[in-house]
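Asker:
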Amino acid sequence: GAGVSQSPSNKVTEKGKDVELRCDPISGHTALYWYRQSLGQGLEFLIYFQGNSAPDKSGLPSDRFSAERTGGSVSTLTIQRTQQEDSAVYLCASSPRQRFEKLFFGSGTQLSVL
Amino acid sequence: AQRVTQPEKLLSVFKGAPVELKCNYSYSGSPELFWYVQYSRQRLQLLLRHISRESIKGFTADLNKGETSFHLKKPFAQEEDSAMYYCALSGGSNYKLTFGKGTLLTVNP
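Residue numbers (the numbering used here), protein chains in the order written: chain U, 19 to 132; chain E, 1261 to 1369.
Written as structure tokens, this is what we have:
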């Protein structure tokens, strides 16, 4: 089908609420990445999945952040008790097993925490 | 640890002028370097990678291991080149792509 799909495209929430961001990778892509893009900070690595397992969670900023991937496909990034500093664009990308030349990005979720 | 530095947040040139976007990296092993581009209201996409040694949209980049640099160059900038450019590095673990903070290029008419 199409490329990497992310939903919602925009999310406005109140400080302290939980949010879930969804990523549908390209079919057959076993590697899935979450990045956070904020002004002046570039792309910040959050987490990497190979299949359903996450060998590297080192980029998650705090224990309020978690992510899972099921069926080797859809991934959800959850942010609990959101803070204003969580406001950013959250990007998902997928590739066939660590082939960065075939890494495709979604259009992102713009998260605004009021 | 792997690190990518793009010293210029903003770069403005006139159409037809040469452009160079700087990228320096820090990595102890043999890195794989990439340039990604994000045009206005479009998704981030791969522009080129050092292994392929190709020219894309007139852009080239040469890996200089001595200077640990991977600068992106184009001899004659076009207005459609205006975009955010990110340099990225993949190290030995080969699953982590580390990005710089990006350079916003504006090509003026």
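The beta carbon of each residue, even a glycine, is placed where N, CA and C say it ideally should be.
Helix, strand or coil for E:Lys1269, going by three-state DSSP, please let me know.
Answerer: Stepping through the second sequence from its first residue, residue 1269 of chain E is reached at position 9. Reduced to three states, the DSSP call for E:Lys1269 is coil.
Asker: In this structure, does DSSP put E:Gln1262 in helix, strand or coil?
Answerer: On the second sequence, residue 1262 of chain E is found 2 positions in, with the first residue counted as 1. Note: E:Gln1262 maps to coil in three-state DSSP.
Asker: Please decide whether U:Gly90 counts as near chain E, where near means a Cβ-Cβ distance under 8 Å.
Answerer: For this step, residue 90 of chain U is matched to residue 72 along the first sequence. Chain E contact via Cβ: absent.
Asker: Tell me, please, whether the CB atom of U:Leu50 is closer than 8 Å to any CB atom in chain E?
Answerer: For the purposes of this step, residue 50 of chain U is taken as residue 32 along the first sequence, with counting starting at 1. No, U:Leu50 does not count as interfacial toward chain E.
Asker: Would you call the CB atoms of E:Gln1302 and E:Met1344 closer than 8 Å?
Answerer: As a working note, residue 1302 of chain E is residue 42 in the second sequence. As a working note, residue 1344 of chain E is residue 84 in the second sequence. No, Cβ-Cβ distance for E:Gln1302 and E:Met1344 is not below 8 Å.
Asker: Go ahead and pull the three-state DSSP assignment for E:Phe1336.
Answerer: Here residue 1336 of chain E refers to the residue found at position 76 of the second sequence. DSSP places E:Phe1336 in coil when its eight states are reduced to three.
Asker: Tell me the DSSP secondary structure of U:Lys35 in three-state form.
Answerer: As a first step, residue 35 of chain U must be located in the first sequence, where it is residue number 17. Coil, per DSSP.
Asker: Among E:Cys1283, E:Gln1305, E:Lys1269 and E:Pro1278, which has the Cα closest to the Cα of E:Leu1323?
Answerer: Sequence index remark: in the second sequence, residue 1323 of chain E carries index 63 (1-based). Minimum Cα distance to E:Leu1323 is reached at E:Cys1283.
Asker: Can you round the beta-carbon distance between U:Ser23 and U:Asp36 to whole angstroms, since I take them to be within the 8 Å contact cut?
Answerer: Residue mapping note: residue 23 of chain U aligns to position 5 of the first sequence, counting from 1. Residue mapping note: residue 36 of chain U aligns to position 18 of the first sequence, counting from 1. With a Cβ gap of about 22 Å, U:Ser23 and U:Asp36 do not count as contacting.
Asker: How would you list, in chain order, the residues of chain U whose beta-carbon sits under 7 Å from the beta-carbon of E:Phe1359?
Answerer: The sequence position of residue 1359 of chain E within the second sequence is 99, counting from 1. Under the 7 Å cutoff, chain U gives Gly60 and Leu61.
Asker: With a threshold of 8 Å between beta-carbons, can U:Glu119 be considered close to chain A, or not?
Answerer: Considering every chain present, this structure includes no chain A. Its protein chains are U and E.
Asker: Alpha carbon to alpha carbon, how far is U:Asn28 from U:Ser105? Give it in angstroms, no decimals.
Answerer: For the purposes of this step, residue 105 of chain U is taken as residue 87 along the first sequence, with counting starting at 1. For the purposes of this step, residue 28 of chain U is taken as residue 10 along the first sequence, with counting starting at 1. Straight-line Cα distance between these residues: approximately 11 Å.
Asker: Using a Cβ-Cβ cutoff of less than 8 Å, which residues in the same chain neighbour U:Gly90 once the five nearest sequence positions on both sides are dropped?
Answerer: Position 72 of the first sequence, counting from 1, holds the residue named residue 90 of chain U. Excluding residues within five positions, the ones whose Cβ falls inside 8 Å are Thr48, Gly69 and Asn70.
Asker: Does E:Arg1263 pass the burial test, meaning 16 or more other C-beta atoms within 10 Å, or should it be called exposed?
Answerer: On the second sequence, residue 1263 of chain E is found 3 positions in, with the first residue counted as 1. So E:Arg1263 counts as exposed.
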